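A short write-up of the structure that comes next.
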Amino acid sequence: MFLTPNRRYVTLAGAVLFLEWTWVFLGSPGHKDILASLPSQHKENKDIFDYGFVQSTALRDICDAVEWNNELIFTCDNNSGSVADVKNSILNCLRFTIAGGGRRVTPRIIVSNTSETSSVDSATQRTDFNSMFDLQHFLMSIHLSCPQLNTYKHVGAVPPRAWKHDPLSLRPEDLQSPFLSSGIPRPGSWGGEFHNWLDNQTTTRDPAGGLTVVNLARSPPVYPVSSDEELAHEFGMFLKVQPEARILATSIFHALIRKHNIDVADSSAIAKNAYVGAYLGSNDTAADTNHPPTTLAQRILNETLATDLKVLYLASTDPSSATKFKLLPASDVAALQALSPEQQALIDYLVLGRASQFMSVGGDAFGWS
């Protein structure tokens, strides 16, 4: 026969057990370690500027209508300038490559040579695409949207027989000069005009294993993407900023909103009622010789104070004036300083893109973008 415990003792034992567990989690010296080991329900996003591959129906339709020639290879190696200049140059070259119906080599970028051992004659250097942009995103997005466009990841992957003859060089806009302020006047016929030009250039050449290389020179964004209708809304998304810069930009954005107690969601494309973004470029002093640099900065500050927003994120080519260096902990500042000026500008480009309002002094393409 089993003994039945008194109900009062059962209740008392349960209460004691509850108090003991309460002490373990909330009152014991080790409770912080226990709670810290539990999974967080609100982990901070380390990369708010990331997004998925582009799958463009508009570009697929364009590519389906092109007559492709795998014996033709385009290169675009002279992309330089501000973030906006480089983006425009690469996208411009990509669009002409598609119109010409050839293969391509992944574009390279000219950046400042910050090495202490570099000579005066090597103030710039040509570097890989992924120094500024996400290469995997670029390649996969193009593959998903325009599978006919074959890509060599780097110039060394081009078959040696392609270099039997010197590459041809072309400024794309020269085939339809003079071009309008809105771009070349007949974008739909550029491909045909290009192939006529190519035939004239190669008439006297001996076949080089069937491969021809054409270097497309750096040019302003003269291909009117607006003529492609829906593609204009997503073409820029093929160039996603490289991961290291995105993560640093996320840290800066979070530090900015925490410091000023700004309530804004990571998912917001534009941070409403949050902060003013301003850009003070290296050419701004030349743009307005009547105002010294301190006055230009003061004008930006005065314009900010005239708004309802009291927080200013200032991007500048002068590190002593740039906001980003003041927001990061020492370890992240060291990582930031290790980047080239062009890579640092990527971070400003992202943070300024989230600003509630934006202002810029001068005619730098960074400001207009």
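Numbering (the numbering used here), first residue to last: 237 to 605.
Idealized CB from N, CA, C, for every residue including glycine.
Computed from a predicted model, the values in this text were never measured in an experiment.
beta-carbon residue i near the ligand COA non-hydrogen atom, thresh 7 Å
i    : result
L575 : Because no ligand of any kind appears in the structure shown, any question about the ligand COA cannot be addressed here.
Close beta carbons around residue i, own chain, < 6 Å, minus the five adjacent residues each side
i    : result
I326 : N315, P343
L475 : K323, F369
N281 : D502
P577 : S348
Where residue i falls: helix, strand or coil (DSSP)
i    : result
I570 : For the record, residue 570 in the displayed sequence is Ala; it is not Ile. A570: helix per DSSP, three-state reduction.
S576 : coil
F310 : strand
S405 : strand
Y585 : helix
L447 : coil
T438 : helix
G288 : coil
L564 : coil
R339 : strand
L385 : coil
W433 : helix
K282 : coil
Spatial distance of residue i from residue j (CA atoms)
i    : j    : result
D466 : D297 : The question names Asp, but residue 466 is Glu in the sequence shown. Rounded to whole angstroms, E466 to D297 spans 11 Å at the Cα level.
G427 : V512 : 43 Å
V450 : I284 : 38 Å
R340 : N349 : 26 Å
R494 : E307 : 55 Å
G336 : L588 : 35 Å
G288 : R441 : 44 Å
R590 : S381 : 27 Å
D364 : I488 : 26 Å
S552 : A320 : 15 Å
Q291 : S377 : 6 Å
F430 : S557 : 47 Å
F415 : R422 : 9 Å
F594 : A514 : 6 Å
A570 : A505 : 28 Å
S417 : C299 : 26 Å
K268 : N366 : Because K268 sits at a pLDDT of 39, beneath the cut-off of 50, its placement in the model cannot be relied upon, and the point is left open.
G338 : Q580 : 34 Å
L295 : N497 : 42 Å
E480 : Y459 : 31 Å
Y388 : P403 : 16 Å
C312 : I346 : 11 Å
I420 : A510 : 40 Å
F471 : A301 : 18 Å
K217 : L545 : Only positions 237 to 605 of the chain appear in this structure, which leaves residue 217 out of reach.
DSSP beta-bridge partners of residue i
i    : result
I345 : N315, T363
G513 : Y549, F594
F369 : V477
L416 : G419
L452 : L406
Beta-carbon contacts of residue i that lie in its chain and below 7 Å, excluding the five residues immediately before and after
i    : result
R407 : A453, S455
L447 : E307, I309, P395, R397, A398
T543 : V512, Q593
H490 : E280
Nearest candidate by alpha-carbon position, reference residue i, set the options
i    : options                : result
M473 : F310, L375, V347, A591 : L375
T439 : Y459, S552, H401       : H401
E303 : I334, D502, A485, D321 : I334
E409 : S462, F365, T293, R331 : R331
G424 : G392, S504, V461       : V461
D554 : S567, H496, P565, Q573 : Q573
V477 : Q291, E539, Q372, D544 : Q372
Y585 : L564, A501, K560, C299 : K560
N305 : Q384, M368, G317, P565 : Q384
Q437 : S367, N386, S405       : S405
L548 : D499, A566, L492       : L492
P565 : P577, E470, L484       : L484
D286 : E539, R482, S576       : R482
Own chain residues within Cβ distance below 8 Å of residue i, not counting five before or after
i    : result
H390 : V341, T342, D364
W433 : L406, L411
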